[in-house]
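Those sequence lines, one after another, are chains A and B. Count along the first sequence from 1, add 5, and you get the number used in this note's numbering. Count along the second sequence from 1, add 5, and you get the number used in this note's numbering.
Protein chains: 2
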Amino acid sequence: MTTNKDTNTEQAILEAAKIVFVKKGMEGARMQEIADEAGINKAMLHYYYRSKDKLFEAVFTETFSKLVPNLIEIVKTDISLFDKIRIFVGNYIDIINENPLIPAFIIHELNRNPDRVVELIKSSGINPIFFINQVEKEIIEDIIEPVNPLHLMVNMLAMCVFPFVARPILEGVIFNEDREQYEIFIQERKKEVCDFIINSIKKK
Amino acid sequence: MTTNKDTNTEQAILEAAKIVFVKKGMEGARMQEIADEAGINKAMLHYYYRSKDKLFEAVFTETFSKLVPNLIEIVKTDISLFDKIRIFVGNYIDIINENPLIPAFIIHELNRNPDRVVELIKSSGINPIFFINQVEKEIIEDIIEPVNPLHLMVNMLAMCVFPFVARPILEGVIFNEDREQYEIFIQERKKEVCDFIINSIKKK
DNA sequence: GTCTATATTGTGATAGAC
DNA sequence: GTCTATCACAATATAGAC
């Protein structure tokens with residue numbers, strides 16, 4: 006029973022392209038390498054996705070959208086700021102940890118094609134205003150110490166993302182190439198980052 | 006008075022190559038573009054630096070070393086942890102702000118050639134142990150709250166670096182392409198990040 | 001040391017048989 | 001839809017005149 010050979014192949018190509026593009030970026034990736042990864046011929050790539058550009062486009066859109074939906078829900082939920090931070094940091098680190106190369110991939114593409122990425126974010130439904138409003142509200146209600154909400158948000162994202170883009174440094178320089186130690190460090194981080202943030206803004 | 010034409014040209018090539026490589030990365034950069042930027046012919050690039058690889062190597066080494074020496078001094082200085090954090094964060098943000106594309110450049114190269122970068126760091130004299138020891142010491146002496154020193158260090162670096170690699174997002178999504186607002190945000194950050202860290206670890 | 005012209009290679013893309 | 005063979009061009013690199 007052979008059903009929809011084309012859909013299978015198309016999907017296989019996309020998966021292979023994801024692996025190669027995410028690791029090497031648009032310019033660093035080779036169509037041959039993607040074909041090899043997918044176990045098919047180079048010509049097939051052009052049959053399904055006319056050009057390297059189109060294929061990359063498909064990969065980037067799908068890769069990017071992986072990070073988004075889960076997080077939008079969390080931010081809009083009606084829970085306390087501390088709980089929200091705990092859930093957000095935990096989920097975000099877990100999501101990135103499943104595809105740890107995505108942040109560097111997006112950062113590189115952000116340089117190569119900033120408008121494209123900004124457009125994608127704008128149309129994704131991400132809106133920092135929900136988070137910022139809640140921070141301001143809890144400051145007024147005297148639940149947390151005064152803090153600049155935008156800087157707080159950037160701090161939170163920074164602390165979640167950075168250990169992944171700096172992984173080779175941490176693993177190579179700090180953990181002497183011991184991958185397991187690095188993985189432990191990442192797991193610790195979910196609690197460490199939350200505690201660090203909450204310690205900084207909680208009422209004394 | 007024409008003195009050492011070759012040194013001038015060699016330097017001009019290196020400067021031009023820095024601009025192009027830092028912006029586009031090794032694979033994205035074109036030798037022609039570097040030649041144009043330097044106002045000379047393509048062939049000259051090969052005359053002075055045999056290959057694209059060698060030229061990139063020279064650029065990366067010099068670019069990387071810009072970030073290092075200033076910071077090593079700070080970390081080794083014998084001052085209180087709070088003062089050290091204040092000086093480090095202020096200087097680090099200022100240094101990156103002068104060449105804001107360097108972090109993304111290094112992150113990309115870190116993926117492309119991790120061993121090379123790790124090697125460079127190891128031989129640069131950077132040693133996190135000084136910082137970590139001081140944190141542990143001040144915890145024992147009851148000057149600061151207990152905190153994992155390694156996570157603290159990563160947090161500090163993350164908060165300094167992230168706003169630069171995410172610049173197009175901040176500028177495009179948050180500040181509506183208003184560059185000046187972004188620059189103000191970066192300047193604010195020196196104080197915000199310090200306060201945020203110190204608030205989190207100071208004795209209550 | 002600097003240039004123009006050219007060689008060489010790599011890579012995205014297409015033609016055409018099956 | 002899938003493959004092999006080939007094209008077309010771009011990009012690195014070199015030769016050789018001045």
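Glycine included, every Cβ here is placed at the ideal spot set by N, Cα and C.
- request: Please name the residues in the segment 159 to 177 of chain A whose beta-carbon is closer than 9 angstroms to at least one beta-carbon of chain B, in chain order.
  value: Per Cβ criterion, the list reads Val-159, Asn-160, Leu-162, Ala-163, Met-164, Cys-165, Val-166, Phe-167, Pro-168, Val-170, Ala-171, Arg-172, Pro-173, Ile-174, Leu-175, Glu-176, Gly-177.
- prompt: From the beta carbon of A/Asn-138, is the nearest beta carbon of chain B less than 7 angstroms away?
  reply: Reading the first sequence from its first residue, position 133 is the one you call residue 138 of chain A. So no, A/Asn-138 is outside the interface.
- prompt: By the 10 Å Cβ neighbour count, where 16 or more other Cβ atoms means buried, how is B/Ile-134 classified, buried or exposed?
  reply: For the purposes of this step, residue 134 of chain B is taken as the residue at position 129 of the second sequence. Exposed, by the Cβ-count rule.
- prompt: Cα-Cα, which of A/Lys-208, A/Leu-60, A/Asn-102 is closest to A/Lys-23?
  reply: As a working mapping, residue 23 of chain A is identified with position 18 in the first sequence. Comparing Cα positions, the closest option is A/Leu-60.
Residues of the segment 11 to 33 of chain A with Cβ closer than 9 angstroms to any Cβ of chain B, in chain order: Lys-28, Lys-29, Gly-30, Met-31, Glu-32, Gly-33
query: In this structure, what does DSSP give as the bridge partners for B/Lys-207?
result: Reading the second sequence from its first residue, position 202 is the one you call residue 207 of chain B. B/Ile-149, per the DSSP bridge assignment.
- prompt: Straight-line CA distance for A/Val-166 to A/Asn-181?
  reply: Taking the first residue of the first sequence as 1, we reach residue 166 of chain A at position 161. Taking the first residue of the first sequence as 1, we reach residue 181 of chain A at position 176. When rounded, the separation of the alpha-carbon atoms in A/Val-166 and A/Asn-181 is 21 angstroms.
- prompt: So, is B/Gly-130 buried or exposed, given that buried needs 16 or more other C-beta atoms within 10 angstroms?
  reply: Counted from its first residue, the second sequence places residue 130 of chain B at position 125. The residue is exposed, with fewer than 16 neighbouring Cβ atoms inside 10 Å.
message: With the cut-off set at 7 angstroms, would you say B/Glu-32 and A/Gly-33 are in Cβ contact?
response: Mapped onto the second sequence, residue 32 of chain B falls at position 27. Mapped onto the first sequence, residue 33 of chain A falls at position 28. Cβ distance < 7 angstroms, so B/Glu-32 and A/Gly-33 count as in contact.
query: So which of A/Pro-173, A/Val-178, A/Leu-50 has the shortest CA-CA distance to B/Asn-116?
result: As a working note, residue 116 of chain B is residue 111 in the second sequence. Among A/Pro-173, A/Val-178, A/Leu-50, the Cα nearest to that of B/Asn-116 is on A/Pro-173.
task: Starting from the C-beta of A/Leu-50, find all residues in its chain whose C-beta is less than 7 angstroms away, skip the five residues before and the five after it, and write them out in chain order.
output: The residue labelled residue 50 of chain A in the question sits at position 45 within the first sequence. So the list reads Ile-18, Met-36, Ile-39, Ala-40, Leu-60, once near-sequence residues are dropped.
field: Residues that A/Ser-70 contacts on chain B, provided the C-beta gap is smaller than 7 angstroms
entry: Against the first sequence, residue 70 of chain A aligns to sequence position 65. Result: empty, since nearest Cβ-Cβ is about 16 angstroms, beyond 7 angstroms.
- request: Return the CA-CA distance between A/Gly-177 and A/Asp-183, expressed in angstroms with no decimal places.
  value: As a working note, residue 177 of chain A is residue 172 in the first sequence. As a working note, residue 183 of chain A is residue 178 in the first sequence. Each residue's alpha carbon lies about 8 angstroms from the other.
message: Here's the rule: buried if 16 or more other CB atoms are within 10 angstroms of the residue's CB, otherwise exposed. What is B/Leu-114?
response: Sequence index remark: in the second sequence, residue 114 of chain B carries index 109 (1-based). Sequence inspection shows Glu at residue 114 of chain B; the Leu mentioned does not correspond to that position. So B/Glu-114 ends up on the buried side.
message: Only counting the same chain, and skipping five residues up and downstream in sequence, which positions put a Cβ closer than 6 angstroms to that of A/Ile-144?
response: Looking up residue 144 of chain A in the first sequence gives position 139. Same-chain partners within the cutoff: Pro-151.
- request: Determine the chain B residues that contact A/Ser-205 at a beta-carbon separation under 7 angstroms, and present them in chain order.
  value: What you label residue 205 of chain A is simply residue 200 of the first sequence in a count that begins at 1. Correct list: Phe-201, Asn-204, Ser-205.
message: Only counting the same chain, and skipping five residues up and downstream in sequence, which positions put a Cβ closer than 6 angstroms to that of A/Val-198?
response: Taking the first sequence and counting its residues from 1, one reaches residue 198 of chain A at position 193. Val-94, Met-164, listed in sequence order.
task: Check whether the segment 74 to 84 of chain A touches the segment 81 to 90 of chain B, counting contact only when three or more Cβ pairs, one atom from each stretch, lie closer than 8 angstroms.
output: no
task: Compare the C-beta of B/Thr-8 with all C-beta atoms of chain A and state if any pair is closer than 7 angstroms.
output: Reading the second sequence from its first residue, position 3 is the one you call residue 8 of chain B. Low local confidence applies: a pLDDT of 48 at B/Thr-8 is under 50, so the model's placement there is unreliable, with the coordinate-based value given in what follows. No, B/Thr-8 does not count as interfacial toward chain A.
query: In chain order, what residues of the segment 119 to 145 of chain A put their CB closer than 7 angstroms to some CB of chain B?
result: Cβ contacts with chain B come from Pro-119, Val-122, Val-123, Ile-126, Lys-127, Pro-133.
- prompt: Which chain B residues are close to A/Arg-117, counting only those with a beta carbon under 8 angstroms from its beta carbon?
  reply: The residue given as residue 117 of chain A occupies position 112 in the first sequence. Going along chain B in sequence order, the residues near A/Arg-117 (Cβ under 8 angstroms) are Lys-29, Gly-33.
Proximity below 7 angstroms, CB of B/Ile-149 to CB of A/Ala-109: Here residue 149 of chain B is taken as the residue at index 144 of the second sequence, counted from 1. Here residue 109 of chain A is taken as the residue at index 104 of the first sequence, counted from 1. Using a Cβ distance threshold of 7 angstroms, B/Ile-149 and A/Ala-109 do not count as a contacting pair.
Contacts around A/Phe-5, its chain only, beta-carbon distance under 6 angstroms, and the 5 residues preceding and following it disregarded: Outside the modelled stretch of chain A, which goes from 6 to 209, sits residue 5 of chain A, for which no answer is possible.
- prompt: DSSP state of B/Phe-180, grouped into three classes?
  reply: Reading the second sequence from its first residue, position 175 is the one you call residue 180 of chain B. Residue state, collapsed to three classes: coil.
query: Shorter than 7 angstroms from the beta carbon of A/Glu-62 to some beta carbon of chain B?
result: Walking along the first sequence from the start, residue 62 of chain A turns up at place 57. No, because no Cβ of chain B sits closer than 7 angstroms to the Cβ of A/Glu-62.
- prompt: How many Å lie between B/Tyr-97 and B/Leu-76 at the Cα?
  reply: Position 92 of the second sequence, counting from 1, holds the residue named residue 97 of chain B. Position 71 of the second sequence, counting from 1, holds the residue named residue 76 of chain B. Cα to Cα, B/Tyr-97 sits roughly 7 angstroms from B/Leu-76.
query: Is the Cβ of B/Ile-112 closer than 7 angstroms to any Cβ of chain A?
result: If you number the second sequence from 1, residue 112 of chain B lands on position 107. Under the 7 angstroms criterion on CB atoms, B/Ile-112 is classed as interfacial with respect to chain A.
message: Quick check: what's the CA-CA separation for A/Pro-119 versus B/Glu-146?
response: The residue labelled residue 119 of chain A in the question sits at position 114 within the first sequence. The residue labelled residue 146 of chain B in the question sits at position 141 within the second sequence. Roughly 48 angstroms between the two C-alpha positions.
query: Of all the CB atoms in chain B, is at least one closer than 7 angstroms to the CB of A/His-156?
result: On the first sequence, position 151 is the one that residue 156 of chain A refers to. Closer than 7 angstroms: yes.
- prompt: Going by beta carbon distance, what residues of the same chain come within less than 6 angstroms of A/Gly-30, once the five residues before and after it are set aside?
  reply: Reading the first sequence from its first residue, position 25 is the one you call residue 30 of chain A. The residues are His-113.
query: Which value, in whole angstroms, describes the spacing of the CA atoms of B/Asn-138 and B/Pro-154?
result: To locate residue 138 of chain B, count along the second sequence from 1; it is residue 133. To locate residue 154 of chain B, count along the second sequence from 1; it is residue 149. Distance between the alpha carbons of B/Asn-138 and B/Pro-154 is about 8 angstroms.
- prompt: Roughly how far, in whole angstroms, is the beta-carbon of A/Glu-42 from the beta-carbon of A/Val-25, given that I think they are within contact range, below 8 angstroms?
  reply: Taking the first sequence and counting its residues from 1, the one referred to as residue 42 of chain A is at position 37. Taking the first sequence and counting its residues from 1, the one referred to as residue 25 of chain A is at position 20. Going by Cβ atoms, the distance from A/Glu-42 to A/Val-25 rounds to 6 angstroms, so yes, they are a contact pair.
task: Indicate the three-state DSSP secondary structure (helix, strand or coil) for B/Ser-70 in the structure shown.
output: The count along the second sequence starts at 1 and reaches residue 70 of chain B at position 65. Note: B/Ser-70 maps to helix in three-state DSSP.
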